[in-house]
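*Asks:* For reference, the structure I am asking about is given below.
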Amino acid sequence: MAFLAGLTVVVSLLALSGCESLDDVSGLWRTPEESKPVGVPGTDPQIKARLKLAVGQYGKDVAGVLVFYEDQLFWNETGCWYVHNGKMIGSTFLFEAQGEGGRVQGNLSIEEGEEGLILTGDIWNPDKEDESAEVLLERIGDGRDIRREEWDRGCK
Amino acid sequence: MRFAISDCRFAFGAWLVMQMVVCSVAWAEVPHRRAKRVSVFPARRTDLPCAALFGGSRAAPPPVKKVEAMFEAALGKVPDVEVVGAAKLRSAVSGGSAYKEKLVLGRERFLLAKEFYRDLRQEEAEENLERSVELLESVYYDAVEPDALAEIFLLLGVTLMEEGKAARAHQAFKRSLMLAPSARFSQGYYPEAVEQAIGIACEDLAVSMEREVPLGTVERSQAFLQIHSLDALFFPVYGKADGKDDLTIVVFERGARTASFRERIVVGEGDPEHMDRAVSRWAACSPFQDVPKKLEEKNPLVLSTAYQHMVYPVNPTRNPLQTFGFSFEVGRYFRPSFGLVAKAQLMSSISDQYGDLLESFTSARLIVGPALSVSGSWWRLYVVPGAEFHYMGSFEVSSDPDCKFFAPGSSGAVLCDPAPRSFPEEFVAGVNVSVGSQFFVAKEMFLSFAASLSTYIAPFDRSFNLNFPIGVEAGGGVAF
Chain A
1 MAFLAGLTVV VSLLALSGCE SLDDVSGLWR TPEESKPVGV PGTDPQIKAR
51 LKLAVGQYGK DVAGVLVFYE DQLFWNETGC WYVHNGKMIG STFLFEAQGE
101 GGRVQGNLSI EEGEEGLILT GDIWNPDKED ESAEVLLERI GDGRDIRREE
151 WDRGCK
Chain B
1 MRFAISDCRF AFGAWLVMQM VVCSVAWAEV PHRRAKRVSV FPARRTDLPC
51 AALFGGSRAA PPPVKKVEAM FEAALGKVPD VEVVGAAKLR SAVSGGSAYK
101 EKLVLGRERF LLAKEFYRDL RQEEAEENLE RSVELLESVY YDAVEPDALA
151 EIFLLLGVTL MEEGKAARAH QAFKRSLMLA PSARFSQGYY PEAVEQAIGI
201 ACEDLAVSME REVPLGTVER SQAFLQIHSL DALFFPVYGK ADGKDDLTIV
251 VFERGARTAS FRERIVVGEG DPEHMDRAVS RWAACSPFQD VPKKLEEKNP
301 LVLSTAYQHM VYPVNPTRNP LQTFGFSFEV GRYFRPSFGL VAKAQLMSSI
351 SDQYGDLLES FTSARLIVGP ALSVSGSWWR LYVVPGAEFH YMGSFEVSSD
401 PDCKFFAPGS SGAVLCDPAP RSFPEEFVAG VNVSVGSQFF VAKEMFLSFA
451 ASLSTYIAPF DRSFNLNFPI GVEAGGGVAF
């Protein structure tokens, strides 16, 4: 009887919980509060912004949105691009994001930060390869948070 | 239709409560006796006077066959007694693997002995007769053709008399008459000394008949019981007392050195009540071995529940589609190895590795079929080949990550191209085979483990997209 109860609990927990790991980029990421805004490659004129990335990973495929904010409170949205051709290779997230006003490619790695998972690497303008920026994002939510905050609705 | 995890928790709780309620059902074991296999040997007659052995009138044979039949009928009424009919027993004896071979050899020795006897070579005749008896007795020829073996013993007695071995001759004549008590001889056919010896053997037998061991020796009788899986042999001895026909029943049981039951009854006017009473008295005195009932006899009704995990190798997603849920089973055993089982199962899908299944779907199935089982005192293995009726809820499938991430109808959903494939609700039917085991951890409680495989054959246009589900179950239940 105890075995059955244990088995049920384990299966239920597995079904309920998303497992956080270095090869799963699913979740909500953003520029840390203490970081300065970065010049976003691929925008014309180039904008300085803080980033929010809401993505879901399905196997190796990744979909989601990359959103730019000009303020520290992540309130004034200055751009929202859809992630295209998102792929996870090991712990590296390769993607292209495109939207109104430009497009960008990125190569970000998931790492263990001091206070949780971080996503760090470069993003660049595929049309001007010297136009790039270093990016650091911290993980602030999982798939449930994405749905709760309606990031799965896409760009407005 | 959706089946949430919280529903599963509720179902699990309900399952535990149900287990406790059903376990409180009182249970009482009914004593069970192992059936005794018994057989009735042909009745022996001691009612013919020894004075009439040579010539003279001969009384009409008593209804010996009827006596045997009446005994078999009386035994058939006793609970836990299995009667092996005389004809069936004779067939079993003569159907033995070595019977034919030993019979040919034994008869051959007898014919050879007769030739030696005619040639007045008594020593060689005796040797061949002894060998013939040995061969024929080894296959219990006396249980099939007692008269034929009696003839061999008779010639052995005559030969021994001519050799001057009177004591052994007496034993041979006695055995011959015991095998064929109705035998009568022409006066003057044998020398006077032989006739006298046969007469003395007859008188001796008339006195000792009831004490004789019908198959010669106790060892032979016991071996016979063991070889033919019999527990008791009934030997009716037909006689006369005070001018009335009477019958003495002598019973030899397995493991006993002497007759375990002996009773004289009057056989009058074909009244079978005497035999019924005698047989009842034997049954009352004879020890019956208590044997534990098989699980299916003790607890023919089985209720169980189990957690079930199932995989569909044939499915529209890129990885095997899996479901989990609960199985509720009712079984009723009608015989120790045969019953009927019905299972109702409710399952919900689990996200596949790539999330191709866009939303979970619920399915429910009913499986009915016969259960074939083997069991010990605390375990049971079974196989259930059954018919399956399966309702599958609707679901959608896509391999495009945009279709998975963005909510339907949202602005992001425009990226979802091609649109997800929709699979409407469907009823399918097919064949299910499950094998399982149950291990009793308490008197009527068991843990169960099972595996099953199904294949769907209806609808016949093969429009279904999920097939060949393989399931494993672990659970428990009660049998009462």
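Each protein sequence line maps, in turn, to chains A and B. Following the working numbering, the numbering of the first sequence begins with 1 at its first residue and continues without gaps. Following the working numbering, the numbering of the second sequence begins with 1 at its first residue and continues without gaps. Backbone N, C-alpha and C define an ideal beta-carbon position, used for all residues, glycine too.
(1) Which whole-angstrom value is the C-beta distance of B/V81 and B/K36, which I expect to be below 8 Å?
(2) Between B/F464 and the rest of its own chain, which residues show a CB-CB distance below 7 Å, the 5 nearest in sequence each way excluded?
(3) Return the residues of the region 317–350 of chain B that lie within a Cβ-Cβ distance of less than 7 Å from chain A, sorted by chain order.
(4) Mind listing which residues of the region 378–412 of chain B have their C-beta closer than 7 Å to chain A's C-betas, in chain order?
(5) What in chain A is Cβ-close to B/Y312, meaning under 9 Å?
(6) Quick one: list the residues of chain B neighbouring A/R182, beta-carbon separation under 8 Å, in chain order.
(7) What is the rounded straight-line gap between the Cα of B/A474 and the Cα of B/S375?
(8) Please go through the same chain and pick out, in chain order, the residues whose beta-carbon is closer than 6 Å to the beta-carbon of B/S434, but skip the five residues on each side of it.
(9) Using a Cβ-Cβ distance cut-off of 8 Å, determine whether B/V30 contacts chain A.
(10) Quick one: grab the DSSP three-state call for A/D23.
(11) Note the first and the last residue of the continuous beta strand (DSSP E) segment covering B/H390.
(12) In this structure, what does DSSP give as the bridge partners for B/D404?
(13) To the nearest angstrom, how far is it from the Cα of B/S410 to the Cα of A/W29?
(14) Rounded C-beta distance between B/A113 and B/L177? I'm assuming under 8 Å.
(15) Please list the residues of the region 54–73 of chain A that have a C-beta atom closer than 9 Å to any C-beta atom in chain B, keeping them in chain order.
(16) Does any residue of chain B bring its CB to less than 8 Å from the CB of A/K128?
(17) For chain B, check one thing: does any of its Cβ atoms lie closer than 8 Å to the Cβ of A/G99?
(18) Using only the alpha-carbon positions, how far apart do B/G369 and B/L321 sit?
(19) Pop quiz: B/R33 and B/D290 are said to be a contact at Cβ under 8 Å. What is the actual Cβ separation, rounded to whole angstroms?
(20) What are the boundary residues of the beta strand (DSSP E) that B/K244 is part of?
(21) Does any residue of chain B bring its CB to less than 8 Å from the CB of A/K52?
(22) Mapping the DSSP letters down to three states, classify B/K240 as helix, strand or coil.
(23) Starting from B/C285, trace the alpha helix (DSSP H) in both directions and tell me its first and last residue.
(24) Can you tell me where the beta strand (DSSP E) holding A/C80 begins and where it ends?
(25) Taking the C-alpha atoms as reference points, what is the distance between B/R109 and B/F252?
(26) Identify every residue that forms a DSSP beta bridge with B/Q196.
(27) Throw me the rounded Cβ distance for the B/F71 and B/F234 pair, which I believe falls under 8 Å.
(28) Quick one: list the residues of chain B neighbouring A/G141, beta-carbon separation under 9 Å, in chain order.
(29) Given A/G42, which residues of its chain have a CB within under 6 Å of its CB, disregarding the five upstream and five downstream residues?
(30) DSSP three-state call for B/R335: helix, strand or coil?
(31) DSSP on B/H309, reduced to helix/strand/coil?
(32) Using the Cα positions of B/E263 and B/V279, report the straight-line distance between them to the nearest angstrom.
(33) Measuring only between beta-carbons, confirm whether B/Q308 sits less than 8 Å from chain A.
(34) Tell me which residue opens and which closes the beta strand (DSSP E) that B/A429 is part of.
(35) Return the CA-CA distance between A/N76 and A/L51, expressed in angstroms with no decimal places.
(36) Whole angstroms is fine: what's the gap from B/P401's alpha carbon to A/L119's?
*Replies:* The short version:
(1) Contact holds; Cβ gap of about 5 Å.
(2) Cβ neighbours of B/F464 beyond the five flanking positions: E426, V428 and Y456.
(3) Within the region 317–350 of chain B, the residues whose Cβ lies closer than 7 Å to some Cβ of chain A are F324 and I350, listed in chain order.
(4) Cβ contacts with chain A: P401, D402, K404, F405, F406, A407, S410, S411 and G412.
(5) Result: empty, since nearest Cβ-Cβ is about 17 Å, beyond 9 Å.
(6) Since the first and last residues shown for chain A are 1 and 156, residue 182 of chain A lies out of range.
(7) In a straight line, the C-alpha of B/A474 is about 19 Å away from that of B/S375.
(8) The answer, listed in chain order, is V384, A450 and S452.
(9) Note that B/V30 scores 46 on pLDDT, short of 50, meaning its location in the model is unreliable and no value can be drawn from it.
(10) Judged by DSSP in its simplified three-state form, A/D23 adopts coil rather than helix or strand.
(11) In this chain, the beta strand (DSSP E) harbouring B/H390 covers W379 to M392.
(12) One point to set straight first is that residue 404 of chain B is Lys, not Asp, in the sequence displayed. None; B/K404 has no bridge partner.
(13) For the pair B/S410 and A/W29, the Cα-to-Cα distance works out to about 21 Å.
(14) Between B/A113 and B/L177 a beta carbon distance of about 20 Å is seen, past the 8 Å cut, so the two are scored as non-contacting.
(15) The residues in question are A54, V55, G56, Q57, Y58, G59, K60, D61, V62, A63, G64 and V65.
(16) No, A/K128 lies away from the interface with chain B (no Cβ there is under 8 Å from its Cβ).
(17) Look at A/G99: its C-beta is not under 8 Å from any C-beta on chain B.
(18) Going by the C-alpha atoms only, they are around 26 Å apart.
(19) Contact annotation, B/R33 with B/D290: C-beta distance approximately 6 Å; criterion of less than 8 Å satisfied.
(20) Segment K244 to E253, the beta strand (DSSP E) holding B/K244.
(21) No, A/K52 does not count as interfacial toward chain B.
(22) Note: B/K240 maps to strand in three-state DSSP.
(23) DSSP places B/C285 in the uninterrupted alpha helix (DSSP H) bounded by E273 to C285.
(24) Per DSSP, the continuous beta strand (DSSP E) segment holding A/C80 begins and ends at E77 to I89.
(25) Approximately 31 Å between the Cα atoms of the pair.
(26) DSSP, once it has assigned bridges, lists no residue as partnering B/Q196.
(27) About 6 Å; that satisfies the 8 Å criterion.
(28) Within chain B, no residue comes near A/G141; the closest Cβ sits about 14 Å away, beyond 9 Å.
(29) Excluding sequence positions up to five before and after A/G42, its CB lies within less than 6 Å of the CB of G102, R103, V104 and N125, all in the same chain and listed in chain order.
(30) Strand.
(31) Looking at B/H309 - three-state DSSP - the assignment turns out to be strand.
(32) Rounded to whole angstroms, the separation of the alpha carbons of B/V279 and B/E263 is 10 Å.
(33) The beta-carbon of B/Q308 is placed no less than 8 Å from the nearest beta-carbon of chain A.
(34) Segment E426 to F440, the beta strand (DSSP E) holding B/A429.
(35) Going by the C-alpha atoms only, they are around 11 Å apart.
(36) Roughly 20 Å separates the two Cα atoms.
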